[in-house]
Amino acid sequence: MEMGEPSEIDHHHLDSATATATASTTATTHHLNVPAGLSQHEFDDLKHLVFQFHTYELRPGQCSSLLSQLIRAPRDVVWSVVRRFDKPQIYKHFIKSCSVAEDFIMTVGCTRDVYVISGLPAATSTERLDILDDDQYVTGFSITGGDHRLRNYRSVTTVHEMERDGQIWTVVLESYIVDVPEGNTEEDTRLFADTVVKLNLQKLTSVTEGMARAAAAAAAAATATATATAATTTAAGEFGVRL
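Encoded structure:
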């Protein structure tokens, strides 16, 4: 055996350790549970995407959840806000400010420093962009440092189009996995994290629906102006002919 090459006993220990680690994790089953706000039929259309993007390997002492939000705004409008890793305060509650490096480029691996408002069990959070896919409307980040209690927090957000009542809606799915802090229960941790995510998604709804209404109003005003201009031009032409 060459120097540094594992022995058969070492291989046995490695295999046992790998088997133990594998046995101690379980995959989340978010694709089997319909989140609040969606019907079974609607969720069935999204299930394969939930399985693809919102499945985690759960270790003992961790919890995970999947939440959904229906938004009456075009997907591109919603995505334009969700994708801004450098501007989470646009729709996330409890964020006082967010700073990034001067040479910041929004790409996988970049980081941001988030400063949280007072009154929460956190002060700062250093976060890393894990995924940003503009084609599939997927983004996600993990918390890598800071003064907070959400250890090993990872989150994925996906944005989808859905038809309901003859109209096109946007569905936002957000999932996370996080360690249960010492002294807390899994239920307490999930309740806290779910509440924060829900409030963020509600604010996202308010912000993007407002953007959509403003865009629609601007488009209507532009159309009205164009129509009035055309009518005036036509009238002026007819008046000139009569002269």
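Numbering (the UniProt record's numbering), first residue to last: 1 to 243.
Just so it is clear, CB atoms sit at the ideal spot from N, CA and C, and this is done for glycine as well.
Every value quoted in this text rests on a predicted model; they were computed, and no experiment measured them.
Check: Which of helix, strand or coil DSSP assigns to residue 197; Outcome: helix
Check: Rounded Cβ spacing between residue 46 and residue 173 (contact assumed at less than 8 Å); Outcome: 7 Å
Check: Between the CA atoms of residue 131 and residue 63 - distance to the nearest angstrom; Outcome: 21 Å
Check: Neighbourhood of residue 202 by C-beta distance below 8 Å, restricted to the same chain and skipping five residues each side; Outcome: 69
Check: Assigned exposure category for residue 152 - 16 Cβ within 10 Å defines buried; Outcome: exposed
Check: Beta strand (DSSP E) runs wholly inside the stretch 127 to 177, at least 3 long, in chain order; Outcome: 138 to 145 and 154 to 164
Check: Delimiting residues of the beta strand (DSSP E) encompassing residue 32; Outcome: Residue 32 -> no beta strand (DSSP E), and no H or E assigned at all.
Check: Distance, residue 59 Cα to residue 80 Cα; Outcome: 34 Å
Check: Exposed unless 16 or more other CB atoms sit within 10 angstroms - verdict on residue 138; Outcome: buried
Check: Inter-residue spacing [alpha-carbon to alpha-carbon] between residue 55 and residue 26; Outcome: 10 Å
Check: Cα-Cα separation, residue 37 to residue 50; Outcome: 15 Å
Check: Contact check, residue 141 vs residue 127, beta carbons under 7 Å; Outcome: yes
Check: According to DSSP, residues forming a beta bridge with residue 202; Outcome: According to DSSP, residue 202 bridges with nothing at all.
Check: Burial state of residue 71, where buried means 16 or more other Cβ atoms lie within 10 Å; Outcome: buried
Check: Of the listed residues 134, 118, 176 and 66, nearest to residue 43 (C-alpha basis); Outcome: 66
Check: Enclosing alpha helix (DSSP H) for residue 75 [first to last residue]; Outcome: 75 to 82
Check: Residue 91 to residue 207 span [Cα, whole Å]; Outcome: 7 Å
Check: DSSP three-state assignment for residue 72, whether helix, strand or coil; Outcome: coil
Check: Endpoints, beta strand (DSSP E) assigned at residue 96; Outcome: 95 to 99
Check: Buried or exposed by the 16-neighbour rule on C-beta atoms within 10 Å, applied to residue 168; Outcome: exposed
Check: Check whether residue 129 and residue 192 have beta carbons under 7 Å apart; Outcome: no
Check: Rounded C-alpha distance that separates residue 221 from residue 181; Outcome: 53 Å
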